[in-house]
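**Student:** If you count the sequence shown from 1, you need to add 88 to reach my numbering.
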Amino acid sequence: MFKAHPWHGVSIGEEAPEVVTAYIEIVPTDTVKYEVDKSSGFLKVDRPQRFSNFCPVYYGLIPQTYSGEQVAGIFAKRARRKGMVGDGDPLDICVLSEKSIPHSDILLTALPIGGLSLADGGEADDKIIAVMRDDAVYGNFTDISQCPRALLDRLQHYFLTYKSAPGTTQHKVEITGIYGRDEALKVIRASHADYRANYPELSSLWVKNM
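1. Buried or exposed, going by whether 16 or more other CB atoms sit within 10 Å of the CB of Q234?
2. What residues are listed by DSSP as bridge partners for T109?
3. In three-state DSSP terms, what is A104?
4. Entirely within the segment 181 to 268 and at least 3 residues each: give me those beta strand (DSSP E) ranges in chain order.
5. Put L149 into one of helix, strand or coil per three-state DSSP.
6. Can you give me the C-alpha to C-alpha distance between L196 and K170, rounded to a whole angstrom?
7. Anyone know if the C-beta pair for V219 and L199 falls short of 7 Å?
8. Ends of the beta strand (DSSP E) at K132?
9. With burial defined as no fewer than 16 other Cβ atoms inside 10 Å of the residue's Cβ, what is the status of E271: buried or exposed?
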């Protein structure tokens, strides 16, 4: 038996972009940052979380997505930036849930409600924000405007600081804005189109086309 690659071997979801599959790489209790190894599909250690900040949500990727030309174009228009490129990774997703999930390396179903317009070293690195389907607390949210401000502040703080060490110079991470559900769906559609353009031989195995 072979394990499906979570980026290439799992469907984005039959109801995408309104409902998507999320592969979770990090849970809030993790003291180590994990990420998918692009070659093997296994979850690997990226680095220990160096400081006291931790990711306050379930964090991972949306299968069959790619931050490429179309995603960068949307970012450039939104942020009024020229020369933007995608970061060449699958689209990131932050999933809200009141339930405690003890470990990562799982799939769940999520409903996008918005996103963070994040640039990392001059590359578009959008963070889609979603709620876990049927969640008792967050499941009825339909737009990021319903999300607690304190949680959004914590999420932004995490992404602005998780790569930085005191007294060191790191490449610049900035959040140019927060957007709602309609923009998030547009970004997901664009990322799926970028994926199909960059991996046509894999895309032909799936009938899904938004």
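Positions of the beta carbon are idealized from the N, C-alpha and C atoms, including for glycine.
**Tutor:** The structure says:
1. Position 146 of the sequence shown, counted from the first residue, corresponds to residue 234. Residue environment: Q234 is assigned as exposed (fewer than 16 neighbouring CB atoms within 10 Å of its CB, all protein chains considered).
2. Within the sequence shown, numbered from 1, the residue matching residue 109 stands at position 21. For T109, which the question treats as bridged, DSSP gives the partners T197.
3. On the sequence shown, position 16 is the one that residue 104 refers to. The three-state secondary structure of A104, taken from DSSP, is coil.
4. 194 to 208, 215 to 220, 261 to 268
5. Counting from one through the sequence shown, the residue named residue 149 turns up at place 61. Note: L149 maps to strand in three-state DSSP.
6. Translated into the one-based positions of the sequence shown, residue 196 becomes position 108. Translated into the one-based positions of the sequence shown, residue 170 becomes position 82. Near 35 Å, if we compare the C-alpha coordinates of K170 and L196.
7. Translated into positions along the sequence shown, residue 219 becomes position 131. Translated into positions along the sequence shown, residue 199 becomes position 111. Yes, the Cβ-Cβ distance between V219 and L199 is below 7 Å.
8. Residue mapping note: residue 132 aligns to position 44 of the sequence shown, counting from 1. That run of the beta strand (DSSP E) goes 131 to 136.
9. One-based indexing of the sequence shown puts residue 271 at position 183. With 16 or more other Cβ atoms within 10 Å, it is buried.
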